[in-house]
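Here's the structure we're looking at; comments come further down.
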Amino acid sequence: MRYKFLSLFVLAAASQSAFAEHVSLPTISVETVSGEAAPYALPILPSNSADTGDLVKRLPGANVNKNGAITSIAQYRGLFGNRVNVLVDGTNLHEVGPNSMDSPLSYIAASQTDTVAIYRGLAPVSSGIETIGGTMTVSSNQAEFTSSDEVEFHGQANAGYASNGHARQTGLTANLANKNHRLQFSGSADRGDDSDFDGGSIRNTEFDRDTANLSYGFQNDGFAADLSVNYLDIGETGTPALPMDIVYVRGETYRANISNELNNGATISTRLHYQDLDHEMNNFSFRNTAGMAQRFVTPEVTAGGISFSYQQDSWTVGADFDQSTNDATVFNPNMAAFEIESFNDAERDRYSVFAEWSGQLDEQWKLDAGARYSLVQMDSDDVFTFAAAPAPVRTLRDNFNDSDHSQDEHLIDLVAAFTYAFSDDLDFEVGLARKTRAPSYQERYLWVPLEITAGLADGNNYVGDVNLDHEVSYQFELGLDWHTPTAGFSPRVFYHHINDYIQGVAGITDTPTNMVSNANGDSTPLQYSNVDAKLYGIDANWFVSLTNEWQLDGTVSYVRGKRRDTSDDLYRISPLTARTMISYVQEKWRIGFEAETIARQNKVSDENDEQKTSGYALFNLSGNFQPTDNVVVSAGVNNIFDRYYEDHLAGYNRNNTNEDLAVGARIPGLGRSAYINANVSW
């Protein structure tokens, strides 16, 4: 597998060394099964947002569902949430919030991000368990070992400001290293106020996040070990597309990575991780909510796992195990006796083994093939409600407690991707895959109708189904990869045929469910159910060096999502999107002008009461200046003409304190924002 560097501006090779030799800034890349790495220079991205999701949006086929300033949920080719295997520093993080307030992308600040990458098309089985929606990787800044015994001190510091929402971000990385040891500390602080659009302000979109990391690495004679602890502290942060806002998300993630090169040329690798996080959210700190309607929820998650792989020549074999336990309890701050457990020790254990082969069949044909078997075991303890809970709630509780919570899912994933090299400049790709996903704990164990949707944010109440089947997707990929020193073009066509796709379905006939949901503001709740679906589309990236100074590049992405068992469309599907940038590059500076063109989206889900959105075009200006080898200053203006627009992947406003935006209206996109960022290394 190789990386291909993509950006919305491309630097000439001469300027690459000038910008990249001393200063580390985010890199966007695409991992693919095809050909040689395209000759893209290292892209230098202005840090205009604290949200790493804004980097993800620049990848072909990728986007984010945005429910708050730092609550971005990864989407790839129409699949989103836990269907996309998001790895942060190699770890598949488990969210503590049942509404994905702490999506994996929120665990790493943009100021601490080194690379954002995605396996283009069919994710290899070695990339993780349940990769039905692909695998995305986000890596933080990491210190490098030196080449001598002498200890060296290196690091970088950055600070940025954006005018819209008065967003502030700061980051620091400092490390001591020699050829055998490295010790690193890094941290970040992100703050922001309510953001603005052409017509007013969006309440409440303030955010507050701190991160800290301490890591130690050792290497010697083919053996390497890395130990780290990461701390996340999200303070009061608004999520206006969700029924509640964040009071806090706090906790640690521990990691250990060990690898050893054997005398026979093989490499053994082991990864371990453990998470322990607490969370509180409520519906009254940022909103006007009557006393007896006030609620706060205290979710918790503990999770851990271990992965093992053995790689020799063209073969990689391995095993993965991870486990997570989620709890969430609903309280009324004005009624001490009020207590309802929405989840009680909802457990999800995954045991998985895989084998993968990657190599040349002959001088022109290359094959990447693999198989993975996974056992997903799920269980839940009985749930509790306070004694005076309404009779329909007690009925639902008893029905759930009397059901068989223990469920096993046997998953088989298969991938075969062929690459044919027509020449040094042109590769042809064709791939087939069978991918699977077991239900989430929300889809299976949500026993009372609530707006717990793992980030769907459609305003509907949902109820789960213990007996859901797992999803099975048959995937087809066809593509070309043409690359020369001065131009490149990589289009991909794909089709996904999904059986037992899980989504909310109307028509619940259970009287207690309808009574409770109606009392909670939704007379037509949805139940997580198995349906049939399909997704198809095309995405591409391209670049061309017009001259030694002028560069032109971009991406285009289109996906269509439909139900196969009805005439309905799938929910929250990204519309046709194109990004194009022209850049003028010199050795010490660069300036770029970017156009974002988004088509209207009128293929919407009736089941989810989804609203249509109009098309629009935004224009952005960005630049970099490097006065010395150790300093880079980035600046620019997003949405230069202060255009009003509605991002189809944004949610609907739930905050009733917003004078400029009605409840139920789609949250508009940000208005004009000027930004500046400085990065200093030593």
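Take the sequence shown: its letter number 583 is residue 1098 in the numbering used here, and every next letter is one higher.
Don't be surprised by glycine CBs; every beta carbon is placed ideally from N, CA and C.
Check: Where does the unbroken alpha helix (DSSP H) through residue 960 begin, and where does it stop?
Finding: Run containing residue 960: 956-960, per the alpha helix (DSSP H) assignment.
Item checked: Nearest neighbour of residue 566, chosen from 621, 945 and 888 [CA to CA] -> Residue 566 has its Cα closest to that of 621, out of 621, 945 and 888.
Margin query: In this structure, how does DSSP classify residue 643 when only helix, strand and coil are distinguished?
Written below: In the three-state DSSP reduction, residue 643 falls in the coil class, being neither helix nor strand.
Margin query: Taking DSSP's pairing of strands, which residues face residue 799 in a bridge?
Written below: Answer is none; residue 799 lacks a bridge partner.
Next item on the list: Could you tell me how far apart the beta carbons of residue 794 and residue 606 are, in whole angstroms, since I believe they sit closer than 8 Å?
Entry: Residue 794 to residue 606, Cβ: 18 Å. No contact.
Note to self: Here's a check: name, in chain order, each residue in its chain whose Cβ is nearer than 7 Å to the Cβ of residue 798, leaving out the five neighbours to either side.
What the structure shows: Cβ neighbours of residue 798 beyond the five flanking positions: 758, 759, 804, 809 and 810.
Checklist line | Three-state secondary structure assigned by DSSP to residue 1160 | finding: The three-state secondary structure of residue 1160, taken from DSSP, is coil.
Margin query: Taking CB distances under 8 Å as the criterion, tell me whether residue 956 reaches chain D.
Written below: Of the protein chains in the structure, only one exists, and it is not chain D.
Notebook entry, point to check: If you draw a straight line from the alpha carbon of residue 1142 to that of residue 572, how long is it in whole angstroms?
Noted result: Approximately 30 Å, taken between the alpha carbons.
Next item on the list: Can you give me the start and stop residues for the alpha helix (DSSP H) that residue 1032 sits inside?
Entry: It spans 1026-1034 - the alpha helix (DSSP H) in which residue 1032 sits, taken as one unbroken run.
Next item on the list: State buried or exposed for residue 724, treating a residue as buried only when at least 16 other CB atoms are found within 10 Å of its CB.
Entry: Classification of residue 724: buried, given that the 10 Å Cβ count is 16 or more.
Next item on the list: Per DSSP, which residues does residue 725 bridge with? Please list them.
Entry: Residue 725 is bridged to 704 and 748.
Margin query: Our contact map puts residue 976 next to residue 1035 with C-beta atoms below 8 Å; I'd like the distance itself, whole angstroms only.
Written below: That belief holds up - the Cβ atoms of residue 976 and residue 1035 are roughly 6 Å apart, short of 8 Å.
Notebook entry, point to check: For the stretch 948-1012, which segments carrying the alpha helix (DSSP H) assignment without a break, of at least 4 residues, lie completely within its bounds, in sequence order?
Noted result: 956-960, all fully within the stretch 948-1012.
Item checked: Extent of the continuous alpha helix (DSSP H) to which residue 906 belongs -> It spans 906-916 - the alpha helix (DSSP H) in which residue 906 sits, taken as one unbroken run.
Notebook entry, point to check: Hey, how far is the Cα of residue 824 from the Cα of residue 1052?
Noted result: For residue 824 and residue 1052, the distance between alpha carbons rounds to 34 Å.
Next item on the list: Alpha carbon to alpha carbon, how far is residue 667 from residue 694? Give it in angstroms, no decimals.
Entry: Between residue 694 and residue 667, the C-alpha separation is close to 10 Å.
Next item on the list: Compare the Cα-Cα distances from residue 656 to each of 1054, 689 and 648 and report the closest residue.
Entry: Of the listed residues, the one whose Cα sits closest to residue 656 is 689.
Check: Hey, residue 1148 and residue 1136: beta-carbon distance below 8 Å or not?
Finding: With contacts defined as CB atoms closer than 8 Å, residue 1148 and residue 1136 fail to qualify as a contacting pair.
Check: Going by Cα to Cα distance, which pick from 1144, 945, 831 and 608 is closest to residue 790?
Finding: Residue 608 is the option with its Cα nearest to residue 790.
Item checked: Cut-off 7 Å between Cβ atoms - residues of its own chain near residue 948, not counting five sequence neighbours on either side -> Contacts found: 637, 929, 930 and 990.
Margin query: Is the separation between the beta-carbon of residue 820 and that of residue 837 shorter than 8 Å?
Written below: If you check the CB distance, residue 820 and residue 837 come in under 8 Å.
Check: Cα separation between residue 550 and residue 957?
Finding: In this prediction, residue 550 scores a pLDDT of 36, lower than 50, which makes its location untrustworthy; no coordinate-derived value is stated.
Checklist line | According to DSSP, residues forming a beta bridge with residue 773 | finding: Paired residues: 740 and 785.
Check: Between 851, 781 and 877, which lies nearest to residue 831 when the distance is taken from Cα to Cα?
Finding: When the alpha-carbon of residue 831 is set against those of 851, 781 and 877, the nearest one is in 781.
Notebook entry, point to check: When you compare each of 599, 669 and 582 to residue 720 by their alpha carbons, which one comes out closest?
Noted result: The residue among 599, 669 and 582 with its C-alpha nearest the C-alpha of residue 720 is 582.
Next item on the list: Mark residue 577 as exposed unless 16 or more other C-beta atoms lie within 10 angstroms of its C-beta, in which case mark it buried.
Entry: That one is buried.
Check: In whole angstroms, what separates the C-alpha of residue 1197 from that of residue 1161?
Finding: Residue 1197 and residue 1161: Cα-Cα distance of roughly 42 Å.
Check: Which of the three DSSP states, helix, strand or coil, is assigned to residue 622?
Finding: Reduced to three states, the DSSP call for residue 622 is helix.
Note to self: Taking the alpha carbon of residue 792 as the reference point, which residue from 639, 587 and 839 has its own alpha carbon closest?
What the structure shows: For the set 639, 587 and 839, the Cα lying nearest the Cα of residue 792 is the one of 839.
Note to self: So, for residue 1163: in the same chain, excluding its five sequence neighbours on each side, which residues have a beta-carbon less than 6 Å away from its beta-carbon?
What the structure shows: In chain order, 1090, 1116 and 1128 place their CB closer than 6 Å to the CB of residue 1163, counting only its own chain and leaving out the 5 sequence neighbours on each side.
Next item on the list: Out of 600, 1021 and 586, state which residue places its alpha-carbon closest to the alpha-carbon of residue 751.
Entry: The shortest Cα separation from residue 751 among 600, 1021 and 586 belongs to 586.
Checklist line | 7 Å CB neighbourhood of residue 907 in its chain, flanking five on each side removed | finding: The beta carbon of residue 907 sits closer than 7 Å to those of 1027, 1030 and 1031, all from its chain and outside the five residues before and after it, given in chain order.
Check: When DSSP labels each residue in this structure, what does residue 614 get in the three-state scheme?
Finding: Three-state DSSP puts residue 614 in coil, outside helix and strand.
Next item on the list: Please classify residue 714: is it buried, with 16 or more other beta-carbons within 10 angstroms of its beta-carbon, or exposed?
Entry: Sixteen is the threshold: since fewer than 16 other Cβ atoms of the shown chains lie within 10 Å of the Cβ of residue 714, the residue is exposed.
Next item on the list: Within its chain, find whatever has a CB closer than 6 Å to the CB of residue 884; leave out the 5 residues flanking it on each side and keep chain order.
Entry: Within the same chain, residue 884 has close Cβ partners 872 and 931.
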